[in-house]
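See structure below.
Protein chains: 2
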Amino acid sequence: MENFDEWFHDILENANITDSRYPIKGMAIWMPYGFQIRKHTMNIIKNLLDKDHEEVLFPMLIPEAELAKEGIHVKGFEEEVYWVTKGGQTELNEQLALRPTSETAMYPMYALWIRSHIDLPIKYYQIVNTFRYETKHTRPLIRVREITTFKEAHTAHATKEESDEQIQDFIEIYKTFFDDLGLPYLISKRPEWDKFPGADYTMAFDIIMPNGKTLQIGTIHNLGQTFAKTFDITFEDKDGEHKYVYQTCAGVSDRVIASVIGVHGEEKGLRLPPKVSPNQVTIIPIIFKKGKEEVLGKCMEVKELLESKGLRVNMDDRDIRPGKKFFDWELKGTPVKLEIGPRDLENNITVAMRRDEEEKIELPLDDSLADAVMDLIEKTQENLSKSAWEFQKEHVKFTEDLEEIPQLVEAGNVVKFRWCGDEEIGKQIEEKTGYDILGIQEEISEGKCIASDNDAKYMTLIAKTY
Amino acid sequence: MENFDEWFHDILENANITDSRYPIKGMAIWMPYGFQIRKHTMNIIKNLLDKDHEEVLFPMLIPEAELAKEGIHVKGFEEEVYWVTKGGQTELNEQLALRPTSETAMYPMYALWIRSHIDLPIKYYQIVNTFRYETKHTRPLIRVREITTFKEAHTAHATKEESDEQIQDFIEIYKTFFDDLGLPYLISKRPEWDKFPGADYTMAFDIIMPNGKTLQIGTIHNLGQTFAKTFDITFEDKDGEHKYVYQTCAGVSDRVIASVIGVHGEEKGLRLPPKVSPNQVTIIPIIFKKGKEEVLGKCMEVKELLESKGLRVNMDDRDIRPGKKFFDWELKGTPVKLEIGPRDLENNITVAMRRDEEEKIELPLDDSLADAVMDLIEKTQENLSKSAWEFQKEHVKFTEDLEEIPQLVEAGNVVKFRWCGDEEIGKQIEEKTGYDILGIQEEISEGKCIASDNDAKYMTLIAKTY
Chain A
1343 MENFDEWFHD ILENANITDS RYPIKGMAIW MPYGFQIRKH TMNIIKNLLD KDHEEVLFPM
1403 LIPEAELAKE GIHVKGFEEE VYWVTKGGQT ELNEQLALRP TSETAMYPMY ALWIRSHIDL
1463 PIKYYQIVNT FRYETKHTRP LIRVREITTF KEAHTAHATK EESDEQIQDF IEIYKTFFDD
1523 LGLPYLISKR PEWDKFPGAD YTMAFDIIMP NGKTLQIGTI HNLGQTFAKT FDITFEDKDG
1583 EHKYVYQTCA GVSDRVIASV IGVHGEEKGL RLPPKVSPNQ VTIIPIIFKK GKEEVLGKCM
1643 EVKELLESKG LRVNMDDRDI RPGKKFFDWE LKGTPVKLEI GPRDLENNIT VAMRRDEEEK
1703 IELPLDDSLA DAVMDLIEKT QENLSKSAWE FQKEHVKFTE DLEEIPQLVE AGNVVKFRWC
1763 GDEEIGKQIE EKTGYDILGI QEEISEGKCI ASDNDAKYMT LIAKTY
Chain B
1343 MENFDEWFHD ILENANITDS RYPIKGMAIW MPYGFQIRKH TMNIIKNLLD KDHEEVLFPM
1403 LIPEAELAKE GIHVKGFEEE VYWVTKGGQT ELNEQLALRP TSETAMYPMY ALWIRSHIDL
1463 PIKYYQIVNT FRYETKHTRP LIRVREITTF KEAHTAHATK EESDEQIQDF IEIYKTFFDD
1523 LGLPYLISKR PEWDKFPGAD YTMAFDIIMP NGKTLQIGTI HNLGQTFAKT FDITFEDKDG
1583 EHKYVYQTCA GVSDRVIASV IGVHGEEKGL RLPPKVSPNQ VTIIPIIFKK GKEEVLGKCM
1643 EVKELLESKG LRVNMDDRDI RPGKKFFDWE LKGTPVKLEI GPRDLENNIT VAMRRDEEEK
1703 IELPLDDSLA DAVMDLIEKT QENLSKSAWE FQKEHVKFTE DLEEIPQLVE AGNVVKFRWC
1763 GDEEIGKQIE EKTGYDILGI QEEISEGKCI ASDNDAKYMT LIAKTY
């Protein structure tokens, strides 16, 4: 892709994913095809969470008094909060925030719900719209003013150990989620100055987009007892003592879908991972006047066969040239296309095309078809994932030379380097290079810091970020 | 139920459905158990709509200029709209409405999307939160300030005939939806002075709650060309002429869930229709020290067997008295409970109880169990529906005497009467009785109007409404 930003902008509209012409900047419409991708994507994370978490739904508005209670937290958001000040013609007594995130909506209720250690742990999540009054340049699905799809999980625990385990659980859940989407990721611990407002520490998943910029696609925060103290969330422990709970929270958003589109896409259109593609198979009848009924009949038969195996299948019987249909479904990224025409009927075959490969394959139109198609779908899923991970591997470069960072980043890479962990030095590195430290990948015990005489403590990532 | 309103208030909290202690009046939290009921309920309507409609998602905020465009419409809502006036510390140039409903968010986009007759019909729906600054007394799920679950469908057609057919389609869809929930309904055409602001006419579904008050649970509006003219939604027809589209919209909300709870409930708790119950079967192990493992093992085996048949099953293995468990699941309304203890194991039976009947039934613990349980579930579904329809039948009373209406209504009935259709007379009837005309059930050609010397034209319903 020569110009990724342009490609991304165009594909959203051309593939019927979102429409950005809504008359409020940074707020777009999910169109039918995009909505289906969103639905299948969110179903994956819901199923993963439902094993051990419970879905709830909190109100969208937060009273100012609650939002303001946690000082560090509100500082992080106050410039970005939309305020409701009027109901009808009446000025409200207290202004109400459109939730930028729901800690301050939820935690006053946690304080009511949690009384004893037997009420713990609480593991709730919700999928909601949240709002940020973005002053920066907005981009659909990436930097928006209404985050239409914010999955936020909020847990409370009796001990610090359990809260740390919960962080690990979230990391595993997110890994599985992104694996199902064929998305690679870089996991790091955000530097102190970039953690979630109010958190003890923040773990983040970043992905490298085709233009080399990284996009934060998932965050997991250990909140310690900060909010527990602010909102007085205590429990009576087994020993009869009243203690503050330990909390965590974790979020993913629309950006996951932006990544699915961006990372797997190519010049001609989307390449959707089968698990989230609205149609996993698209059947294209090749129709001539003669034998039309037979061809359509066979297509319908194949559709029903594949659907009976649990596949999502559509048949494009529009009265237009087959070439236009191929073009459309390439654009929309259906993993497998099947072509059936009169000659195929005679030979009892169908021509199959995987979206991720040019090759055409003839498959017999018999009982073996379903398995053969399943196989193509699995291979597509694996191959998309493999290519994406390879791209990431090629675009993470290690250097020991601070001066080399800009050149590597501008060439589309994330850069890995050794850092002593000193905050001042870290901020100097950001300032000198003009990029953001994503965070710490791992602790190390050898080598020197890239920007000081100190011993290195951490393998660290820096990138141009969205 | 002696005091329905009190019962309803209590059950929401006791059965873990909603929590109304959120610090904004009229906005409540969906708790885990309630959320599951909501999810299964909305899945039914989604599946019904997905056959012929496409799901989309529009932004939550509407610019004032768009909301104000359709004069009649905005008059109907202006007293109830919440306004966002600030982003961060900045006053916005244009204030933004929290959507009270989405006509004015959607239709400017319809004007962009619709160019030609081949773009029609458009049949979109979304499930979203909407907002009303209610000044009346609020009640959870019934009269709220955040409608968390608003399903709104919006269609556009080339001809008036097609739009009328769409109204019939919506009526059929809603009938199936309410039938699946075991809910009875009264369908009527709202009087002119109570139709949706901007509609040509409004068809409504009302349900009689146990206290005799009716609750509007679904509305379907034929919008004619009113909005099309306001938002300039035109298409080029086959004959090359530019014409305005015909539109319809249809909504259901949280009130459907209020009805499921209210209509089927009884003193001891919920009685959930199996199609929406979070658990369709609850297994209660009867545990003594001796034979504990065997009992739990068998319970797990039965759970897996039933789940393999597609049933939603939970096992309550909490370390508390069985009596408490029975009490809890009666409160929460699981359709079928299975009890398995050491003696049952010896006799190779399980004791089954339907939530809607007192009787206990012994079922053999063998291959026939799944079918037997399925049968109990189906009977529960049918019986809940049957009882609810009988209740409705008993509580719709016909009268020819205007004076008798108050007495009939106060005894918990909806009253049916003959009306000439004259608006002045209709309003007089409302004023004299103090109740609301729900609408017209059917056209009639005999008898006199209940309140004038005119010939009757319509069989009409009047009730005390929520």
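Listed in order, the protein sequences are those of chains A and B.
As numbered in the numbering used here, residues 1343 to 1808 make up the first sequence, in order.
As numbered in the numbering used here, residues 1343 to 1808 make up the second sequence, in order.
Where a beta carbon is used, it is the ideal one built from N, C-alpha and C, also for glycine.
Please read all numbers here as calculations on a predicted model, not as lab measurements.
On a Cα-Cα basis, can you pick out the residue from the options that is closest to residue i?
| i | options | result |
| --- | --- | --- |
| Asn1689 (chain B) | B:Val1678, B:Asp1698, B:Leu1705 and B:Ser1601 | B:Leu1705 |
| Lys1555 (chain A) | A:Asp1795, A:Asn1755 and A:Thr1676 | A:Asn1755 |
| Ile1386 (chain A) | A:Phe1733, A:Glu1348, A:His1479 and A:Gly1524 | A:Gly1524 |
| Ala1301 (chain A) | A:Phe1577, A:Ser1794 and A:Leu1653 | The displayed coordinates of chain A run from 1343 to 1808. Any statement about residue 1301 (chain A) would go beyond what the structure contains. |
| Lys1634 (chain B) | B:Ile1599, B:Gly1683, B:Leu1673 and B:Val1678 | B:Gly1683 |
| Leu1687 (chain B) | B:Gly1675, B:Ser1710 and B:Pro1627 | B:Pro1627 |
| Asp1511 (chain B) | B:Leu1750, B:Lys1393 and B:Gly1566 | B:Lys1393 |
| His1436 (chain A) | B:Glu1445, B:Thr1443, B:Leu1438 and B:Val1426 | Inspection of the sequence shows that residue 1436 (chain A) is occupied by Glu rather than by His. Ranking the options by Cα distance to Glu1436 (chain A), first place goes to B:Val1426. |
| Glu1422 (chain A) | A:Pro1374, A:Ile1489, A:Ser1458 and A:Lys1537 | A:Ile1489 |
| Ser1710 (chain A) | A:Val1644, A:Arg1760 and A:Glu1724 | A:Val1644 |
| Glu1745 (chain B) | B:His1351, B:Lys1774 and B:Gly1768 | B:Lys1774 |
| Ala1570 (chain A) | A:Asp1581, A:Gly1582 and A:Thr1590 | A:Thr1590 |
| Glu1772 (chain A) | A:Lys1617, A:Thr1807 and A:Lys1417 | A:Thr1807 |
| Arg1487 (chain A) | A:Leu1440, A:Phe1400 and A:Glu1608 | A:Leu1440 |
| Ile1670 (chain A) | A:Arg1697, A:Thr1568, A:Gly1652 and A:Phe1346 | The question names Ile, but residue 1670 (chain A) in the sequence shown is Asp. That would be A:Arg1697, whose Cα lies nearest to the Cα of Asp1670 (chain A). |
| Gln1567 (chain A) | A:Asp1542, A:Glu1736 and A:Phe1350 | A:Asp1542 |
| Lys1367 (chain A) | A:Glu1514, A:Lys1728, A:His1479 and A:Thr1518 | A:His1479 |
| Leu1726 (chain A) | A:Gly1604, A:Asp1361, A:Tyr1364 and A:Phe1492 | A:Gly1604 |
In the DSSP assignment, the alpha helix (DSSP H) including residue i goes from what residue to what residue?
| i | result |
| --- | --- |
| Ser1727 (chain B) | Leu1711 to Glu1736 |
| Leu1390 (chain A) | Pro1374 to Asp1392 |
| Arg1685 (chain B) | Pro1684 to Asn1689 |
| Phe1573 (chain B) | Thr1568 to Phe1573 |
Report yes or no: is there a C-beta of chain A within less than 7 Å of the C-beta of residue i?
| i | result |
| --- | --- |
| Glu1355 (chain B) | no |
| Phe1419 (chain B) | no |
| Met1369 (chain B) | yes |
| Asn1471 (chain B) | yes |
| Lys1610 (chain B) | no |
| Pro1401 (chain B) | yes |
| Glu1396 (chain B) | yes |
| Pro1664 (chain B) | no |
| Tyr1364 (chain B) | yes |
Under 7 Å between the Cβ atoms of residue i and residue j?
| i | j | result |
| --- | --- | --- |
| Ile1786 (chain A) | Val1757 (chain A) | no |
| Val1398 (chain B) | Trp1372 (chain A) | yes |
| Tyr1424 (chain A) | Phe1473 (chain A) | yes |
| Ile1412 (chain B) | Gly1540 (chain B) | Before going further, note that residue 1412 (chain B) is Glu rather than Ile in the sequence given. In contact: Glu1412 (chain B) and Gly1540 (chain B) (Cβ atoms closer than 7 Å). |
| Ala1798 (chain B) | Cys1762 (chain B) | yes |
| Ala1304 (chain B) | Asp1574 (chain B) | Shown here, chain B extends from 1343 to 1808; a query on residue 1304 (chain B) therefore has no answer. |
| Glu1396 (chain A) | Pro1374 (chain B) | yes |
Beta-carbon of residue i versus every beta-carbon of chain B: anything under 7 Å?
| i | result |
| --- | --- |
| Asn1385 (chain A) | no |
| Lys1428 (chain A) | yes |
| Tyr1449 (chain A) | no |
| Phe1492 (chain A) | no |
| Pro1374 (chain A) | yes |
What are the start and end residues of the beta strand (DSSP E) that includes residue i?
| i | result |
| --- | --- |
| Gln1468 (chain B) | Ile1464 to Phe1473 |
| Val1618 (chain B) | Here Val1618 (chain B) belongs to no beta strand (DSSP E), and DSSP marks it neither H nor E. |
| Phe1400 (chain A) | First-last for Phe1400 (chain A): undefined, no H or E at that position. |
| Ser1530 (chain B) | Leu1528 to Lys1531 |
| Pro1706 (chain B) | Lys1702 to Pro1706 |
| Ala1439 (chain B) | Thr1432 to Leu1440 |
| Asp1548 (chain A) | Tyr1543 to Ile1550 |
Q. If you pair each beta-carbon of the stretch 1615 to 1629 of chain A with each one of the stretch 1568 to 1586 of chain A, do three or more pairs fall below 8 Å?
A. The stretch 1615 to 1629 of chain A vs the stretch 1568 to 1586 of chain A: no contact.
Margin query: Below 8 Å, how does it come out for the stretch 1523 to 1542 of chain A and the stretch 1426 to 1439 of chain A: are there three or more Cβ pairs, yes or no?
Written below: Contact between the stretch 1523 to 1542 of chain A and the stretch 1426 to 1439 of chain A is not established, with fewer than three Cβ pairs separated by less than 8 Å.
| message | Quick check: the stretch 1478 to 1485 of chain B against the stretch 1559 to 1574 of chain B, are at least 3 beta-carbon pairs closer than 8 Å? | response | The stretch 1559 to 1574 of chain B, when compared against the stretch 1478 to 1485 of chain B, does not touch it at the 8 Å Cβ threshold.
| Segment contact flag, the stretch 1456 to 1473 of chain B with the stretch 1379 to 1395 of chain A, C-beta cutoff 8 Å, min 3 pairs | With a cut-off of 8 Å on Cβ pairs, the stretch 1456 to 1473 of chain B is not in contact with the stretch 1379 to 1395 of chain A, counting fewer than three such pairs.
Note to self: With three or more beta-carbon pairs closer than 8 Å as the criterion, would you say the stretch 1693 to 1701 of chain A touches the stretch 1645 to 1653 of chain A?
What the structure shows: Too few Cβ pairs lie closer than 8 Å, so no.
* Count the C-beta pairs between the stretch 1594 to 1614 of chain B and the stretch 1432 to 1449 of chain B that are closer than 8 Å, then say yes if the count reaches three, no if not. => Because the criterion of three Cβ pairs below 8 Å is not met, the stretch 1594 to 1614 of chain B and the stretch 1432 to 1449 of chain B do not touch.
Exercise. Between the stretch 1710 to 1730 of chain B and the stretch 1664 to 1676 of chain B, do at least 3 Cβ pairs fall closer than 8 Å?
Worked result: In short, these stretches do not touch, since the Cβ pair count stays below three.
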